[in-house]
Each structure stands twice: as C-alpha cells, then as structure tokens.
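First to last, the protein sequences are chains A and B. If you read the first sequence in the numbering used here, its first letter stands for residue 19, the second for the next number, and so on. If you read the second sequence in the numbering used here, its first letter stands for residue 458, the second for the next number, and so on. Beta carbons are placed, not taken as given, at the ideal position from N, Cα and C, and that holds for glycine. All figures in this text were calculated on a predicted structure; none of them were measured in a lab.
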Amino acid sequence: MSYKREDRKESELRPMKAKVGVVKNAVGSAMFQIGKTIAMAAVYGPRELHPRFMQKPDTGILRCHYNMMAFSGSGDRVRPGPSRRSKEIGLVTTKALEPALDLREFPKTVVDVFIELLQTDAGTRCAGICAASMALADAGLNMKDLVCAVSGGVVGDTPVADLDYNEEAYEGGSVDIPVAVMPRTGKVTLLQLDGTVSKEKFKEALKLAKEGCNQIYDVQKKALKGKYKEE
Amino acid sequence: MLSVSKEYIRTLAKKGLRSDKRKMDEYRQPVSVEYGVSSKSAEGSAKVTIGDTVVVAGVKTEVGTPYPDRPNEGTIMVNVELLPMSSPEFESGPPSIEAIELARVVDRGIRESHAIDFKKLCLKEGELVWTLMIDIYPLNASGNLFDACALAALAALKDAKFPKLEDDVINYKERTDNPIPLEFLPVSCTVHKIGGKFFVDPTSDEEKATDARLTTAFTDKAEICAMQKGGDEPLTEKEISEIIDLAEKKTQELRKKL
Numbered sequence: 019m020s021y022k023r024e025d026r027k028e029s030e031l032r033p034m035k036a037k038v039g040v041v042k043n044a045v046g047s048a049m050f051q052i053g054k055t056i057a058m059a060a061v062y063g064p065r066e067l068h069p070r071f072m073q074k075p076d077t078g079i080l081r082c083h084y085n086m087m088a089f090s091g092s093g094d095r096v097r098p099g100p101s102r103r104s105k106e107i108g109l110v111t112t113k114a115l116e117p118a119l120d121l122r123e124f125p126k127t128v129v130d131v132f133i134e135l136l137q138t139d140a141g142t143r144c145a146g147i148c149a150a151s152m153a154l155a156d157a158g159l160n161m162k163d164l165v166c167a168v169s170g171g172v173v174g175d176t177p178v179a180d181l182d183y184n185e186e187a188y189e190g191g192s193v194d195i196p197v198a199v200m201p202r203t204g205k206v207t208l209l210q211l212d213g214t215v216s217k218e219k220f221k222e223a224l225k226l227a228k229e230g231c232n233q234i235y236d237v238q239k240k241a242l243k244g245k246y247k248e249e
Numbered sequence: 458m459l460s461v462s463k464e465y466i467r468t469l470a471k472k473g474l475r476s477d478k479r480k481m482d483e484y485r486q487p488v489s490v491e492y493g494v495s496s497k498s499a500e501g502s503a504k505v506t507i508g509d510t511v512v513v514a515g516v517k518t519e520v521g522t523p524y525p526d527r528p529n530e531g532t533i534m535v536n537v538e539l540l541p542m543s544s545p546e547f548e549s550g551p552p553s554i555e556a557i558e559l560a561r562v563v564d565r566g567i568r569e570s571h572a573i574d575f576k577k578l579c580l581k582e583g584e585l586v587w588t589l590m591i592d593i594y595p596l597n598a599s600g601n602l603f604d605a606c607a608l609a610a611l612a613a614l615k616d617a618k619f620p621k622l623e624d625d626v627i628n629y630k631e632r633t634d635n636p637i638p639l640e641f642l643p644v645s646c647t648v649h650k651i652g653g654k655f656f657v658d659p660t661s662d663e664e665k666a667t668d669a670r671l672t673t674a675f676t677d678k679a680e681i682c683a684m685q686k687g688g689d690e691p692l693t694e695k696e697i698s699e700i701i702d703l704a705e706k707k708t709q710e711l712r713k714k715l
C-alpha cells in the first residue's frame, strides 16, 4: 500500500524544542519535545550505590528509569508504576547512553536518570534518550558525545523518518525502527525493529533515521549552549 | 537535614524572620498556572509553579459502573506520585505514606466542597457514570507540595473537556466542548507553626523544621470545606482560629491565579 505524507517530507522530523536545567533539584536536567511527544529527564548522582554487591570497583554505573505519566497516553489512563514495557525501555535507554558516558572517575557509584513522559505521540523512547543525553551533559559528566535518537520506519511501502502515532498505527502496515546514534562517529547505540521489512527498505529507513539524528544533534547542542547564554 | 539548620530556621522564626527574607505570610514568587501542558493526551492538564516548586496535574476521564450506594453519582480519584525525578529524597516504589496523605487531602478538598456536582457525572443511573482520574506529579519538589498539588488539581479540572462518547464507549480522539461541572474552585492553604509563630509556603528545609501544620480548603463563599492537621505538636483552639484566618486570606490570593 502506498503512503504519502501530507504535512512534511519523508525525511523531515517533526518540530523540535529542547531546554536544559528544567529541574532545579537535579544535578542535570533537560526537556526534549518532538511533535507532540514531550520527554523530561533528570540526573541524580554520582551517588552511593545500594545494594553494595552491585557496585563496580573500577567505575560508576548508569541506571535509566522510563515512566509515562498516567495521563500521557493516547487512550485510556496509563496505570502508574513500572510495567514490563517501561522496564525494558529503561534498560535499552541505559544501553544506548552507556557508550557515550565515562564514569571511571566515580567508582562504586550510580548515576540515576529519571525520564518522564508528559505527553506522547509515538517516539517516546527516542525522545527520552535525547532528553537523557542532554541531562547527562548538563550534569557535567564526562561524555565522548551526545546521543541522538529518532525512529526510522516504513509506512505502507514508503521509508520515512520520525513516525507519529497515526503512522505507527497505519492500517496498510508500518515498520518502526528506533535508532540512537553518537553522531561524531556515527555509531549506533540503540536499534530495535517492529514489523516486517525487506533488507533494502530497512537500510533506507536506517539511513533516514541517522540523518534525522544529525538534525537532533544541532538542536541539543544549541539548547546546551543556550543555558549559558541566558545566565 | 542538619539539626543546626533546623535551629537556625527556628531562631529566625521566633523573630518573625525567614532565611530567604520573606514575610511570614508571603508566598514565594512566581505563583503561576499554565494550562494545557499535556493537551494532546490528557482531557485537562496544568502546571503550577510556586517558587522553585513545580507540579503538573492531568485529568483522564473514564466511564464505569457507579458505587452501589450512590447509583446516580460519578466520582473522582486523586493520585499523587512523588517522582524520584523531583527530589533526591524520593525513591521509586509503591506510594509512600507522604504521597498518600497528599492525595487524600487534595481529594477531600475537591470532594467535600461539593464543587463538582457528582450527579451531573451520571450517564445512566445504576449503570454508567463518569470517573475523573486526577494524577498529580511534582517535577521539582522544593516545599509546600500540599498547596501546589491542590492548585494543580483544580487548574487541570478547570482546563478539562469531556471526550466524545459513542455507544457508551469513549472516543479519546475527539473532545467535546463540555467542561467539568465545577460550581466553584475550592482553594486550600497550608499554614505551618514553628516556635509559636505561623507562616505559609515553606521551603523544603522550613517544612522539616516546623512543629505543626494545618491545611484548610475554602469554598468561594469562604466556607471551610476540608481540613487536615499534620506535624508533631498539638494546636490550641486559639491557634486554630488564627490559622484559619490567615489561610482564608491567602486562598483569596491563590484563587486569583486560577
């Protein structure tokens, strides 16, 4: 089934907004909005890790927590508390950010990142990763690069970047491929895929996602610099 | 918190002073309300800022069967989650007793004031009623969550529009122009007592140093519609009436922000 976007080009991301320093109590924090999806992230730590057997003698560890606010879903109220889905997203978010972060200065500690979704219209884990990576940078932790994330995908048989909710639910079938990238090296730190797709279409979608990540990179850097311009 | 900091706050309070130079009956600035912060997904939403404290609240509407003893009334449910995002002192896990007390006090302020006519939330007697689910989250917890959460809940209710109902099933994609049947706004104010003095809008540190607190919610006609005393120290009748007078004065200011 052929699909044509009406409001933006196939390679175009939804409008973005980013801001750092949005949670005063946190060591670092950020808000990242793409289309109608709004993610916030707050960093606490490095702080002592309990239970002690989880401590690593040579480095600190990163722990990401993902949560959708009860009213942030498209349909029914989301039941509060951790779900299998939110735990998995917390895990893949941690894995997406770890390669960019160097916590060897802080052995035996933990850095906690709390990601909250205020409003969702698909692409929540990617928005969460974008916010979290900015929050880690805002916290002043050693990083090799920022991490940028966006979905690539195929809607109908059209490769696109940054699917929204309607595209994810497209009745002609759609494939959703969340991708996170460290733009300086182009290395991929998150890759998931939902749907069925040919190798060729997959490669096209991945390329679109990576190009999208470069646009996000600029938005993130601008927001981080913006904090110091204001002050 | 260090006991020396507590002593400092106490010593200042006895002279009618505060560490941030505010008057005893002065709220932090800004006190502001932003509506529709989650307008795509929540039927109503708002963000309330009181100084450094930031709280968001959202309303989701659901339909369900009424309670058997109130077959022609809908209902509300208030939930507060003290997100670990909002303070290094909060941890993940099941709701803490502080979160439960907060939610129950906010709930009572709305429910017992009869600000919402629950009968108007009835769709089919004994069968189908609206339930308003109000979820409140601090984004940055820096004291006085009681007043901030209560204000956020009211603002979210004021912002809310019912979704479309098709054959008794909610179509969340389409929203009507029908607001929540709110007769008035039951605003509440929490007054704290320390060393014999009263003050409002505590910072996190001040909150930990106080002897007692009393939350009072008022209707638009200055009737009391809910109360909750907290803290370790008892209050005398005279003190209670002083607190009520102060709270009433401050709720008039807060009401203007909505």
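CB contact check: residue i to chain A, cutoff 8 Å
i       : result
E538(B) : yes
W541(B) : Checking the sequence, you will find Pro at residue 541(B) rather than Trp. So yes, P541(B) belongs to the interface.
K577(B) : no
P545(B) : yes
G600(B) : no
D592(B) : yes
K497(B) : yes
Y629(B) : yes
K654(B) : no
S549(B) : yes
D574(B) : no
D509(B) : yes
E519(B) : yes
S502(B) : yes
G515(B) : yes
L474(B) : no
Of the residues the options, the one placed nearest residue i, counting alpha carbons only
i       : options                            : result
I147(A) : T214(A), E123(A), A114(A)          : A114(A)
I52(A)  : L242(A), K243(A), G230(A)          : G230(A)
F89(A)  : S698(B), A617(B), Q685(B)          : A617(B)
R475(B) : D658(B), S460(B), K576(B), E694(B) : D658(B)
V562(B) : K581(B), G550(B), A605(B), T518(B) : A605(B)
P177(A) : A167(A), C166(A), L164(A), G191(A) : G191(A)
K713(B) : S698(B), D677(B), F655(B)          : D677(B)
T111(A) : P100(A), F124(A), V131(A)          : V131(A)
E28(A)  : S169(A), E123(A), Q73(A)           : S169(A)
T127(A) : K243(A), Y62(A), V38(A)            : Y62(A)
N635(B) : V512(B), T660(B), N601(B), T518(B) : T518(B)
S544(B) : V512(B), A609(B), M534(B)          : V512(B)
H649(B) : F675(B), E696(B), Y629(B), P638(B) : E696(B)
Residue-chain proximity (residue i, chain B), Cβ-Cβ < 8 Å
i       : result
P201(A) : no
A179(A) : no
E134(A) : yes
M87(A)  : yes
S101(A) : no
A41(A)  : First, the amino acid is wrong: residue 41(A) is Val here, not Ala. Answer yes: the Cβ-Cβ gap between V41(A) and chain B drops below 8 Å somewhere.
K54(A)  : yes
M152(A) : no
Y21(A)  : no
Y62(A)  : yes
D139(A) : yes
R26(A)  : no
R70(A)  : no
S104(A) : no
Neighbour-count burial assignment, residue i, 16 or more Cβ in a 10 Å radius
i       : result
A187(A) : exposed
R670(B) : buried
P523(B) : buried
N717(B) : The structure shown does not extend to residue 717(B), since chain B spans only 458 to 715, so no value can be given for it.
Y84(A)  : buried
R143(A) : buried
M542(B) : buried
T207(A) : buried
L109(A) : exposed
A60(A)  : buried
E548(B) : exposed
Y235(A) : buried
R70(A)  : exposed
Segments assigned alpha helix (DSSP H), at least 4 residues, entirely inside the segment 58 to 140 of chain A:
Those alpha helix (DSSP H) runs which fall completely within the segment 58 to 140 of chain A and span 4+ residues are 102 to 115.
Give, in chain order, every unbroken run of the beta strand (DSSP E) that is at least 3 residues long and sits entirely within the segment 554 to 604 of chain B.
Counting whole runs of 3 or more residues, the segment 554 to 604 of chain B contains the beta strand (DSSP E) stretches 579 to 581, 585 to 597.
Measuring CB atoms only, is the segment 481 to 490 of chain B touching the segment 500 to 510 of chain B, in the sense that at least three cross pairs come out at less than 8 Å?
Contact holds: three or more Cβ-Cβ distances are below 8 Å.
Can at least three beta-carbon pairs, one atom from the segment 124 to 140 of chain A and one from the segment 484 to 503 of chain B, be found at a separation below 8 Å?
Per the Cβ contact rule, the segment 124 to 140 of chain A is in contact with the segment 484 to 503 of chain B (3 or more Cβ pairs under 8 Å).
Hey, is the segment 583 to 592 of chain B in contact with the segment 461 to 478 of chain B, meaning 3+ C-beta pairs nearer than 8 Å?
Result no; under three Cβ-Cβ pairs closer than 8 Å.
With three or more beta-carbon pairs closer than 8 Å as the criterion, would you say the segment 150 to 169 of chain A touches the segment 44 to 60 of chain A?
With a cut-off of 8 Å, the segment 44 to 60 of chain A and the segment 150 to 169 of chain A count as touching, because enough Cβ pairs lie within range.
Is it the case that the segment 226 to 244 of chain A contacts the segment 629 to 647 of chain B, given that we only count it when at least three CB pairs across the two stretches are under 8 Å?
Between the segment 629 to 647 of chain B and the segment 226 to 244 of chain A, the count of Cβ pairs shorter than 8 Å is below three; the stretches do not touch.
Contact between the segment 74 to 81 of chain A and the segment 54 to 61 of chain A (3+ Cβ pairs under 8 Å)
They do not touch, by the three-pair rule.
Contiguous alpha helix (DSSP H) assignments of at least 4 residues, all confined to the segment 150 to 225 of chain A:
Segments of the alpha helix (DSSP H) lying fully in the segment 150 to 225 of chain A: 183 to 186.
Decide if the segment 555 to 573 of chain B is in contact with the segment 650 to 669 of chain B; the criterion is three or more beta carbon pairs, one per stretch, under 8 Å apart.
Taking 8 Å as the limit for Cβ pairs, the verdict is that the segment 650 to 669 of chain B does not touch the segment 555 to 573 of chain B.
At least three beta-carbon pairs within less than 8 Å, the segment 527 to 534 of chain B to the segment 565 to 585 of chain B
They touch, by the three-pair rule.
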